[in-house]
Amino acid sequence: MTRLRKYRYYVFLAAIIVCLLYRSTKDSEQWEPASASVPYHRAPPKGMNKAVVYDTGGTKASYHDDDSVQQSLQNAEEAAPIKLPVLKPTTVEDAADKFDLPPSPTPPTTGDETKVVVYDQDGAAKTTDAPLIDIPDKKVGQGAKGVGIPVHGAPDGKNTKDHTATTTIHWTKMPEHFPVAEEDIIPLPTGKPKQIPAVQYKFEKESTDTRQKRLDRLAKVKAEMTRGWNGYVKYAKGHDELSPVSKKYRDPFCGWAATLVDALDSLWIMGMTDEFEEALLEVEKIDFTTSEFRSEIPIFETTIRYLGGLIAAYDVSGGKSGRYEILLKKAVELAEILMSIFDTPNRMPVLYYNWKPAIASQPKRAGSSVSIAELGSLAMEFTRLAQITEEDKYYDAVARITDALYEWEERGTSIPGIFPERVDASGCNRTAEALVAAKEAANLEQQQSLNKRSEVGTLDASDETKTIASKRQKLRECIPQGLAPGGFNEQYSMGGSQDSTYEYFPKQWLLLGGLEPKYKTLHLKTVEAVKKWLLYRPMIPDNRDILFSAKINTQGNPEVDAVMEWEVTHLTCFIGGMFGLGGKVFDVPEDVEIGKKLTDGCVWAYETMPSGIMPEGASVVPCAEVNNCHWNETMYWEWLDPLFASRNAQVEEFDTRQKQLKAEKAKAKEEKKFVAAAAEKAANAEQDGQFSRETFNDKSRHAPDPDELESRKVQKRAPPTKIPTSSDRNGASKESTKSNKLEEALDMNVGSGATVKPVDLGAGQIPLQEEVEEEFPDPQRPLSHEEYVQSRIKNERIPAGYVNVHFRRYILRPEAIESVWYMYRITGDSYWQDKGWKMFNAIVSQTRTEAGNSAIDDVLTPNSAQVDEMESFWLAETLKYFYLLFSDPSLISLDEWVLNTEAHPFKRPA
Ligand SMILES: *[C@@H]1O[C@H](CO)[C@@H](O)[C@H](O)[C@H]1NC(C)=O
Ligand SMILES: *[C@@H]1O[C@H](CO)[C@@H](O)[C@H](O)[C@H]1NC(C)=O
């Protein structure tokens, strides 16, 4: 019985697979009529407030087991009544026609309407005093199909070991091709640092119980650090990364001991001084002038991990008054090499630096399609080095990038305030060059035809050659421009390849003691753009009030052509911290509130996964309005199945066609029956000598040729080719059984009431049956909307609320816990400690290996395969943020320190 069931199940599965294959190979017009125009979703009607009961069970987030966020929202409101800006876009209406959207509802107004309707677990409305988050309504479309999201923040070309090197080649300092004159060097801003509002909550003395709980958690974090560090030292010391499953190592970052350098300040902060000092012996051995693993230095990764790591280790261990001068010495050694990247005509850096002298000596330009994150995330490290060494040249190098970004922002990007992911940093305007070339080619042609017509050789052959040569020369020259988009399709988001440029604006402002106002402007404009264009509230089963930041694709006119990706990516999770920090230091309480909701979004993403860990990338359903957002299962299913509108029609069409076929078949059968009956009759008549031409003629319209009748008679009377046995009837020989059944059916029909008896089939005869139809689902039958969605949810294991989980990995990333830590230090609310503790336990339980912790392959299962990688940021960032979440809040206080994008703390000016 079980076997039979299994068998049926497999047949059913096979049927589905055949069906899918069939549908994908079939003329797509027939089954996917809607694919040509992906439907843009209608926004939910205003005033819709009944949440559809959600009952898939198990994955429901238990946000309201802790009311502390609501509580803290209230506290915040009491502390700071918020006057909210109205950021009404003039754009949504404009775009509405194109996308067949309903007119966007009027944005909430300020004034006395600051009471927000929030929904508790049961979906019942109640009002609170929480400040109103004013984010303009979003153009809610389905987004582009099949548009991916980047997995890594920056390409790093891992494992590109250079085997060609035979003798060791070293980088050497070259004379600059495009030096900055001494008097043009941009100096560090001078003057007394500005008074900056406190970032951290004023923590009160904790109770003994609270303290004990905190210290227990702290000890568990430290134990994880100790285990990971010991694993690294034992199996991978001096190499970039431990392979935590195989207990081997990898060298993706030039082989300069990335994990060791990256973890230095964590060791110090966690009080592992012996380990710290042992590690310094290794630091001393690092030779940054050569790499047997890579011929190109990845500048972004090298700067944030190595340079940032060395500088922070120097800072936290006491700086000038500390005992570890070696750290500064190595930082300068590395920085001197990196400074070569700025030797370009426009002083924009080369981001993959070919350090070998033969190539390094050549003049070069910055790339024409570089990632904005890699370009903009060098600022803090070089600035801090300039401060420590009092060498303005390091500051000059990055200040020029900031100036270029600032100038570009003033000139205007497609989405004012933020920058496209790909940037042309070459400084050469190819459009202008092409225009000049075309114009000159046209001129030349004109000149030539003129010469021909007049038959007067004003230009002799050698003159002409000279002209062309000089034009070619001219073409090689650069028509200068500032930063510009690095491609036709522009992408704007706060995610990978863009993230840390924005993160660095407020942090750089803090590092400079508020003395460079450009960073404040850049930050405030960023935040304004993010609110207007990117932030959205997802529609999720318990209506938890969270936010995410989307991605926009545009070809330069987003008011009209913006295509949204409602993404949820781990890399973007830093943004809660950015809003929180910026909100505090620039005194914008609304941004702190937004920071909380963004951070809680990432917490939600952790809680909704079976592993308790957020995936690398997923997508959800956006609500059209941030302050009127309710779960609607029907709508959710429509997002899970973009073809919902046509799918049921397809099924209907198919069923109608099947019905027709069936009717035709039945008709044919009737005819056969009649013919057979007539033949019987004729045969009988002949036999009995009572053949009546008259009788036959009566039905002649339907009667075939008598010869044919004769042959059919013989055929249908012929015994079955195989007498079915009882085992056959159990389904083992379906085909023969079926053909027999057909024969019999014909025989029996004919025989009933006729004098001629059917052929005796003996004991194996199958009794008469109607042909059984649809015993199994017809493999050609298209899935209904419901069947399609159910199969997606089941096969892709999609947790409720998600439309898609594209990238299921977790590679030990820090961004979510980073923001949770900022929220805790800013609000003092233990909600964040509790959420962080859950995240810690989930991560450790899923990633732990004997030697350390490993990236995992699939957060959609609590038993994922491990992928044998432990990025250096596990010890440098992730565990550091966990540790600082449970440490005394005065350790690395945000009022004294500012952390780079690799969690390396730099000392803020006093
Ligand atoms: C490049 O040149 C074109 C044509 O002259 C001009 O329209 C465009 O603004 C220039 N781009 C930049 C970034 O200066
Ligand atoms: C839920 O969504 C469906 C489909 O978009 C819509 O027709 C329906 O009105 C919505 N239900 C409520 C209660 O708004």
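This note's numbering puts the first residue of the sequence shown at 741, with every later residue one more than the last. Glycine included, each C-beta is placed from N, C-alpha and C at the ideal position.
- prompt: In this structure, does DSSP put K962 in helix, strand or coil?
  reply: It is helical.
task: Just confirm the distance between the C-beta atoms of I1566 and L1275, as a whole number of angstroms; I'd bet it's less than 8 Å.
output: Not really, about 19 Å apart at Cβ, beyond 8 Å.
query: So what does DSSP say about I1128, is it helix, strand or coil?
result: helix
- request: Give the straight-line distance between the Cα atoms of W1273 and A1403, rounded to the nearest whole angstrom.
  value: 57 Å
field: Coarse secondary structure for R1151, derived from DSSP in three states
entry: In the structure shown, R1151 sits in a helix (DSSP, three-state: H, G or I).
- prompt: Cα-Cα, which of T1123, M1579, R1553 and V973 is closest to E1347?
  reply: M1579
- prompt: Can you tell me whether DSSP reads L1631 as helix, strand or coil?
  reply: coil
Close beta carbons around A998, own chain, < 6 Å, minus the five adjacent residues each side: Answer for A998: D980, R1045 and S1612, listed in chain order.
- prompt: To the nearest whole angstrom, what separates the beta carbons of W1371 and I1280, a pair I think is in contact under 8 Å?
  reply: 7 Å
query: Under 8 Å from any heavy atom of ligand 1, does the C-beta of G1254 make it?
result: Answer for G1254: no, Cβ out of range of ligand 1.
query: Looking at C-alpha atoms only, which residue of L1311, I1039, A1106 and A1098 is the closest neighbour of L1074?
result: Out of L1311, I1039, A1106 and A1098, the CA that lies nearest to the CA of L1074 is found in I1039.
- request: Rounded to whole angstroms, what's the CA-CA distance from L1215 to P919? Just pull it up for me.
  value: For L1215, the pLDDT reaches just 46, beneath the cut-off of 50, and the residue's location in the model is therefore unreliable, although a value from the coordinates is still provided. Distance between the alpha carbons of L1215 and P919: 24 Å.
message: Please report the distance separating the alpha-carbon of G995 from that of K988.
response: 14 Å
Own chain residues within Cβ distance below 7 Å of G1320, not counting five before or after: V1332, G1335, Y1562, M1563 and I1566
Beta-carbon proximity list for I1632, same chain, < 7 Å, skipping 5 on both sides: I1009, L1624 and P1645
- prompt: When we look at the beta-carbon of T846 and count the other beta-carbons within 10 Å, is it buried (16 or more) or exposed?
  reply: Below a pLDDT of 50, predicted positions are generally treated as unreliable, and T846, at 37, falls in that range; no measurement from the model is reported.
Nonlocal neighbours in the same chain, by C-beta distance under 7 Å from M1234, ignoring five residues either side: Y1242, V1270, L1274, S1289, T1312 and I1315
- prompt: A1595: which of G1576, T1618 and G1226 sits nearest, CA to CA?
  reply: T1618
Cβ-based neighbour list, P1539, same chain, cut-off 8 Å, excluding 5 preceding and 5 following: T799, T1348, M1349, P1350, V1545 and L1600
task: Evaluate contact between the stretch 1070-1089 and the stretch 1026-1043, counting only Cβ atoms and requiring at least three cross-stretch pairs below 8 Å.
output: Touching, yes, given that three or more Cβ pairs across the two stretches are closer than 8 Å.
Burial state of A1302 (16 or more Cβ within 10 Å): Label assigned to A1302: buried.
query: Is Y941 helix, strand or coil when you go by DSSP?
result: coil
query: Mind checking L1190: buried by the 16 CB within 10 Å criterion, or exposed?
result: exposed
- prompt: Tell me which same chain residues have a C-beta within less than 7 Å of the C-beta of S695, skipping the five on either side of it?
  reply: A query on residue 695 cannot be resolved here, the shown segment of the chain reaching from 741 to 1650 and no further.
- request: With DSSP as the reference, label R990 as helix, strand or coil.
  value: Correct three-state label for R990: strand.
- prompt: If you drop the 5 nearest sequence neighbours on each side, which residues of the same chain put their C-beta closer than 8 Å to that of R1532?
  reply: L1380, D1381 and I1538
query: If L1251 sits next to P933, beta carbons under 8 Å apart, how far is it from one beta carbon to the other, in whole angstroms?
result: About 10 Å separates the two Cβ atoms, so there is no contact after all.
- request: Going by CA-CA distance only, name the one from A1100, F1394 and K1575 that's closest to Y1092.
  value: Taking the Cα of Y1092 as reference, the smallest distance to any Cα among A1100, F1394 and K1575 is reached at A1100.
message: For E1024 and P1649, I'd like the C-alpha separation in whole angstroms.
response: Roughly 28 Å separates the two Cα atoms.
- prompt: For P1645, which of helix, strand or coil comes out of DSSP?
  reply: strand
message: Relative to the C-alpha of I1037, which candidate in K1647, E1217, E1114 and K1260 has its C-alpha closest?
response: E1114
- request: Count the C-beta pairs between the stretch 1156-1166 and the stretch 1101-1120 that are closer than 8 Å, then say yes if the count reaches three, no if not.
  value: yes
field: Whole-angstrom distance between S947 and W1577, CA atom to CA atom
entry: 19 Å
- request: Keeping to the same chain, check which residues put their C-beta closer than 6 Å to that of F1082; ignore five residues upstream and five downstream.
  value: Excluding five sequence positions before and after F1082, the CB atoms of its chain that fall closer than 6 Å to its own CB belong to P1089 and A1137, given in chain order.
message: Please determine whether the Cβ atom of N1603 lies at a distance below 8 Å from any heavy atom of ligand 2.
response: no
query: What residues does ligand 1 have around it, judged by CB closer than 5 Å to any heavy atom, in chain order?
result: The answer, residue by residue, is N1169, T1171, A1172, Q1221 and A1224.
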